[in-house]
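Colleague: Submitted below is the structure of interest, expressed as structure tokens.
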Amino acid sequence: MGTRNKLIYLLAALGGLLVIRNLYVILLQFPDEAAQGAIYRIMFFHVPCWFICFTAFLAAGVASILYLWKRRMVFDNVAVSAVEIGVVFTATGLVTGSIWARVIWGIWWTWDPRLTWAFITLLVYLGYLMLRRAIDDPTERAKNSAVLCIFAFVSVVITYKAIDWWRTQHPGAVLSFRTGGGNIEPAWEMMLLWNFLALGLIAAAVLLIRLNQEQVRREVDGLRRRVHEL
Amino acid sequence: MRFLRQAGTIAVKDLKAELRTKEAINASLSFALVILLLFSFAFDPTAEQTREISGGLLWLVFAFAGALILNRSFSREQANDCLDILVASPVSGAALFIGKAVANAILILAVEVVCLPVFGVFYNITWTKRPWWLLLVLVLATWGLTVIGTMFSALTVNLRLRELMLPVLVYPMMIPSLMAAMQLTTLLIAGEPVTGEDIVWLRLLIGFDIIFTALGIGLVETVLVN
Numbered sequence: 008m009g010t011r012n013k014l015i016y017l018l019a020a021l022g023g024l025l026v027i028r029n030l031y032v033i034l035l036q037f038p039d040e041a042a043q044g045a046i047y048r049i050m051f052f053h054v055p056c057w058f059i060c061f062t063a064f065l066a067a068g069v070a071s072i073l074y075l076w077k078r079r080m081v082f083d084n085v086a087v088s089a090v091e092i093g094v095v096f097t098a099t100g101l102v103t104g105s106i107w108a109r110v111i112w113g114i115w116w117t118w119d120p121r122l123t124w125a126f127i128t129l130l131v132y133l134g135y136l137m138l139r140r141a142i143d144d145p146t147e148r149a150k151n152s153a154v155l156c157i158f159a160f161v162s163v164v165i166t167y168k169a170i171d172w173w174r175t176q177h178p179g180a181v182l183s184f185r186t187g188g189g190n191i192e193p194a195w196e197m198m199l200l201w202n203f204l205a206l207g208l209i210a211a212a213v214l215l216i217r218l219n220q221e222q223v224r225r226e227v228d229g230l231r232r233r234v235h236e237l
Numbered sequence: 008m009r010f011l012r013q014a015g016t017i018a019v020k021d022l023k024a025e026l027r028t029k030e031a032i033n034a035s036l037s038f039a040l041v042i043l044l045l046f047s048f049a050f051d052p053t054a055e056q057t058r059e060i061s062g063g064l065l066w067l068v069f070a071f072a073g074a075l076i077l078n079r080s081f082s083r084e085q086a087n088d089c090l091d092i093l094v095a096s097p098v099s100g101a102a103l104f105i106g107k108a109v110a111n112a113i114l115i116l117a118v119e120v121v122c123l124p125v126f127g128v129f130y131n132i133t134w135t136k137r138p139w140w141l142l143l144v145l146v147l148a149t150w151g152l153t154v155i156g157t158m159f160s161a162l163t164v165n166l167r168l169r170e171l172m173l174p175v176l177v178y179p180m181m182i183p184s185l186m187a188a189m190q191l192t193t194l195l196i197a198g199e200p201v202t203g204e205d206i207v208w209l210r211l212l213i214g215f216d217i218i219f220t221a222l223g224i225g226l227v228e229t230v231l232v233n
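Next up, the structure:
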């Protein structure tokens, strides 16, 4: 087993164990919230999902800039893997948010700026994945999708800042680094960060698996081209 | 100076080519009128609510009709390998991009100027209450749509499924500008001033214009050169 595979198993195992530990504390040790009751617990997954989505899209943006600068395929691999992870976590964030909204607001969805922008971000990055499928030449695909990835990141920034720019129905910032503290019970804030770490470890494991796949796919494509030449 | 002259030459070239064939602008204009007609089936045209959603309606028309013009912007250069010659010429990628964007913006503005009175007549709306503000919003938002559309037209020019891919990519990216334009246009058609909280929309419109123009100028060379 190669070092990278060992790392994948290690990250996934650590992430999995941490999720189980966090679930134990969230479900069995934390009391219900005074106003929201039991449903507030979904926030311990909703908020970290969005952190991972923002981190993944930022990583994809940086990898895209690096690709355009250095022209090394490994950066393209990182970009597409990170975008796929970002898309999955965006979808998870939207679903967990909708479930919370159904209980607290009584509706699954509202066209609030934060929600709308989150949805636009999902569409933009799905467009990125579609664009990749439409281009056959690997260099052309890497180059054009890198440019799109940089454009797409604008929507991530707007989603992140939407709660500051507009008066939204979506709750405002809760974490201390944005509010200066006092908006959330310290134990809960710690748990948000712990779950961010847990889901982040799992996301990192998936990223490494996807990187392996991309590398193998490129090798297969190269071999196939050589067979065609024969 | 040289940059502006080159961009100007490209813009004039595109406008001349378009005015001689009138391919894109005719299609765009007729499509805009068809959508304006279709809206009349979607709701009661005489209803008072028309005014409240007028900004949204107008910009949907402009975005759909404008896409036809933007779609053609780079693909028209594919015949006789014109695009390769343009890229190989001493004109920089940025000048080519700005020139094409200016030409597209002028064409789309022309479609908008025709659509506005037609919209006013069909839906019984007085849209001339604040003409200069409306013109400012039209120009700023059209530029926003145009830089994104021109950039993505360059990005998708070599694709097999170009006509299918462009709308999927371009509309979500246009939403920042479209959203601001819709809000402001609705206000201005109602005759209200742009003050207080609504200034944020004008700021957004200008901000996105600057961001997307800068990104376009910075990245277009990479997209065009193989």
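For the record, the sequence lines run as chains A and B.
Take the first sequence: its position 34, counted from the start at 1, is 41 in our numbering, and no numbers get skipped.
Take the second sequence: its position 195, counted from the start at 1, is 202 in our numbering, and no numbers get skipped.
Glycine residues also receive a C-beta, built at the ideal position from the N, C-alpha and C atoms.
These numbers were taken from a predicted model, which means no experiment stands behind them.
#1: Flag Thr229/B as yes if its beta-carbon sits less than 8 Å from any beta-carbon of chain A, otherwise no.
#2: Cα separation between Ser82/B and Ala211/A?
#3: Distance check for Phe37/A and Leu166/B, CA to CA, integer angstroms please.
#4: If the cut is a Cβ gap below 7 Å, which residues of chain B does Gly134/A touch?
#5: Name the residues in the stretch 171-190 of chain A whose C-beta lies less than 9 Å from a C-beta of chain B; which are they?
#6: Take every Cβ of the stretch 121-138 of chain A, pair it with every Cβ of the stretch 87-106 of chain A, and state whether three or more of those distances are shorter than 8 Å.
#7: Nearest chain B C-beta to Ala141/A closer than 8 Å, yes or no?
#8: I want to see whether chain B comes within less than 8 Å of Ile59/A, judged by CB atoms only; does it?
#9: Just confirm the distance between the C-beta atoms of Cys60/A and Gly93/A, as a whole number of angstroms; I'd bet it's less than 8 Å.
#10: Rounded to whole angstroms, what's the CA-CA distance from Leu162/B to Val230/B? Just pull it up for me.
#11: Note down, in chain order, each residue of its chain lying with its Cβ closer than 7 Å to the Cβ of Thr133/B, except the 5 sequence neighbours on either side.
#12: Starting from Leu138/A, find everything on chain B with Cβ-Cβ shorter than 9 Å and list it in chain order.
#13: Looking at the strands, I want to know which residues DSSP matches up with Glu236/A.
#14: In the DSSP output, what is Thr44/A paired with across the bridge?
#15: Thinking C-beta only, is Ser184/B closer than 8 Å to Asn78/B?
#16: Let me confirm a value: Lys77/A is counted as buried when at least 16 other C-beta atoms fall within 10 Å, else exposed. Which label applies?
#17: Does any CB atom of chain B fall closer than 8 Å to the CB of Leu75/A?
#18: Following a CB-centred definition, is Asp119/A positioned closer than 7 Å to any heavy atom of the ligand ADP?
#19: What residues from chain D crowd round Val154/A, counting only those whose CB sits closer than 7 Å?
#20: With 7 Å as the C-beta to C-beta threshold (strictly closer), list the residues of the stretch 55-86 of chain B near chain A in chain order.
#21: Look at the Cβ atom of Leu36/B, then the Cβ atom of Val154/B, and state whether they are nearer than 8 Å.
#22: Hey, would you say Asn4/A sits closer than 8 Å to Phe51/A, going by beta carbons?
#23: Which residues in chain B have a C-beta closer than 9 Å to the C-beta of Asn84/A? List them in chain order.
#24: Less than 8 Å between the CB atoms is what I'm expecting for Ile92/B and Ala31/B, so what's the real figure, rounded?
#25: With a threshold of 8 Å between beta-carbons, can Val207/B be considered close to chain A, or not?
#26: Between Tyr135/A and Val85/A, what straight-line distance do the alpha-carbon atoms span, to the nearest angstrom?
#27: Could you list which residues in chain B have their beta carbon closer than 7 Å to that of Val239/A, in chain order?
#28: Give me the chain B residues within the contact set of Val161/A, using Cβ-Cβ distance strictly less than 9 Å, ordered along the chain.
#29: Please check if any C-beta of chain B sits within less than 8 Å of the C-beta of Ile72/A.
#30: So Phe64/A contacts chain B; which residues on that side make the cut at Cβ distance below 7 Å?
#31: Can you tell me the Cα-Cα spacing of Leu43/B and Val68/B, whole angstroms?
#32: Our contact map puts Trp118/A next to Ser162/A with C-beta atoms below 8 Å; I'd like the distance itself, whole angstroms only.
#33: Alpha carbon to alpha carbon, what distance is there between Ala18/B and Val109/B?
#34: Which term fits Phe184/A, buried or exposed, when burial requires 16 or more other beta carbons within 10 angstroms of its beta carbon?
#35: Please report whether the beta-carbon of Asn202/A lies at a distance below 8 Å from any beta-carbon of chain B.
#36: May I ask which residues mark the beginning and end of the alpha helix (DSSP H) holding Leu20/A?
Modeller: In short, the structure shows the following:
#1: yes
#2: 40 Å
#3: 54 Å
#4: Val175, Leu176 and Pro179
#5: Trp172, Trp173 and Arg174
#6: yes
#7: yes
#8: no
#9: 5 Å
#10: 6 Å
#11: Gly127
#12: Leu162, Thr163, Leu166, Met172, Val175 and Leu176
#13: DSSP, once it has assigned bridges, lists no residue as partnering Glu236/A.
#14: Residue 44/A is actually Gly in this sequence, not Thr. Beta-bridge pairing links Gly44/A to Glu40/A.
#15: no
#16: exposed
#17: yes
#18: Inclusion of the ligand ADP in the displayed structure is not the case, the ligand content being empty and no account of it being possible.
#19: Absent from the structure: chain D. Protein chains present are A and B.
#20: none
#21: no
#22: Given a span of 8 to 237 for chain A in the structure shown, any question on residue 4/A remains unanswerable.
#23: Per Cβ cutoff of 9 Å: no residues; Asn84/A is ~19 Å from chain B at best.
#24: At roughly 21 Å, the Cβ-Cβ gap does not stay under 8 Å, so Ile92/B and Ala31/B are not in contact.
#25: yes
#26: 14 Å
#27: Outside the displayed span of chain A (8 to 237) sits residue 239/A, for which this structure offers no information.
#28: Met180, Pro183, Phe215, Ile218, Phe219 and Leu222
#29: no
#30: The contacting residues do not exist; Phe64/A stays about 14 Å from chain B at best.
#31: 7 Å
#32: Not confirmed; about 16 Å, so no contact.
#33: 6 Å
#34: exposed
#35: no
#36: Here the sequence assigns Ala to residue 20/A, which means Leu is not the residue at that position. Residues Thr10 to Tyr31.
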